[in-house]
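Worksheet: the structure to be examined is printed underneath.
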Amino acid sequence: MTTAVVPGTFDPITSGHLDIIERAAHLFDEVIVGVAASEHKNGTGPLFTADQRVGLIQEATAHLNNIRVAPFETLLIDFVRAQGGDVIVKGLRAMTDFEHEFQMAALNGRMNSEVETLFIMSAPEFMYLSSSAVKEIAALGGPVNGLVPNCVEKALRNGF
Ligand code: PNS
Numbered sequence: 087m088t089t090a091v092v093p094g095t096f097d098p099i100t101s102g103h104l105d106i107i108e109r110a111a112h113l114f115d116e117v118i119v120g121v122a123a124s125e126h127k128n129g130t131g132p133l134f135t136a137d138q139r140v141g142l143i144q145e146a147t148a149h150l151n152n153i154r155v156a157p158f159e160t161l162l163i164d165f166v167r168a169q170g171g172d173v174i175v176k177g178l179r180a181m182t183d184f185e186h187e188f189q190m191a192a193l194n195g196r197m198n199s200e201v202e203t204l205f206i207m208s209a210p211e212f213m214y215l216s217s218s219a220v221k222e223i224a225a226l227g228g229p230v231n232g233l234v235p236n237c238v239e240k241a242l243r244n245g246f
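Quick note on numbering: our numbering labels position 124 of the sequence shown as 210, and the sequence is numbered without any gaps.
Put into structure tokens, the structure is as follows:
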């Protein structure tokens with residue numbers, strides 16, 4: 087039995103994240119979506135609380151039966167070990183992701199060489215999609231349908 091951990095900030099989960107999670111769910115026996123609870127991006131805190139992000143991912147992945155969603159505040163590699171994970175799975179979009187992902191994979195591998203990091207190439211239609219872009223579009227009243235799961239679109243439009 088192989089357990090994959092798909093980690094991220096997921097503030098909020100996008101259609102690109104969901105595509106990676108679905109593809110990982112087909113490849114591995116069990117997938118744990120790890121939500122980095124207190125991750126700060128661009129000097130600001132997350133828009134959605136960790137609980138809200140976990141809830142939105144649970145709702146968006148309800149059609150998959152080998153998924154678990156859990157928040158974490160530790161090093162990713164410690165979370166993977168605590169959850170009994172074998173593999174870290176990350177989505178790779180444009181080349182701009184590569185440098186940072188390569189660094190994290192190398193450092194995580196150095197801390198625990200038994201946990202492999204694998205990359206799934208983003209689908210072309212999600213190549214330039216990011217949570218930050220979605221938040222900016224939503225904040226300025228633009229359309230985010232198709233960019234995020236329906237539950238996220240609703241949360242961005244109406245709040246919780
Ligand atoms: O989707 P993101 O925001 O790019 O995900 C980044 C994340 C959460 C996977 C990364 O920041 C992470 O692993 N954070 C946990 C702390 C940690 O382990 N840092 C050292 C990485 S080498």
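Beta carbons are placed, not taken as given, at the ideal position from N, Cα and C, and that holds for glycine.
Looking at the strands, I want to know which residues DSSP matches up with residue i.
i	result
Glu222	Per DSSP, none; premise fails for Glu222.
Met207	Leu178
Pro93	Gly120
Asn231	Val234
Thr130	Lys127
Glu202	Val173
On the CB-based measure, 16 or more other CB atoms within 10 Å of its CB, does residue i come out buried or exposed?
i	result
Arg139	buried
Leu162	buried
Pro229	exposed
Leu226	exposed
Asp164	exposed
Gly129	exposed
Arg179	buried
Phe246	exposed
Gly170	exposed
Thr203	buried
Thr147	buried
Phe184	exposed
Thr100	buried
Ala168	exposed
Ser217	buried
Asp97	buried
Gly232	exposed
Gly131	exposed
His103	buried
Just to check my reading of the structure: residue i and residue j have Cβ atoms closer than 8 Å, yes? What is that Cβ distance to the nearest angstrom?
i	j	result
Val175	Ala90	5 Å
Arg151	Val117	Here residue 151 turns out to be Asn, not Arg, going by the sequence shown. Not confirmed; about 10 Å, so no contact.
Ala111	Ala123	So it is not a contact: roughly 22 Å between Cβ atoms.
Does any residue of chain B have a CB that is nearer than 8 Å to the CB of residue i?
i	result
Phe158	The structure shown contains no chain B; it is built from a single protein chain.
Is it true that the segment 207 to 222 meets the segment 190 to 198, where meeting means three or more beta-carbon pairs spaced less than 8 Å apart?
-> no
Whole beta strand (DSSP E) runs in the segment 132 to 179 with 3 or more residues, listed along the chain?
-> Counting whole runs of 3 or more residues, the segment 132 to 179 contains the beta strand (DSSP E) stretches 153 to 158 and 173 to 178.
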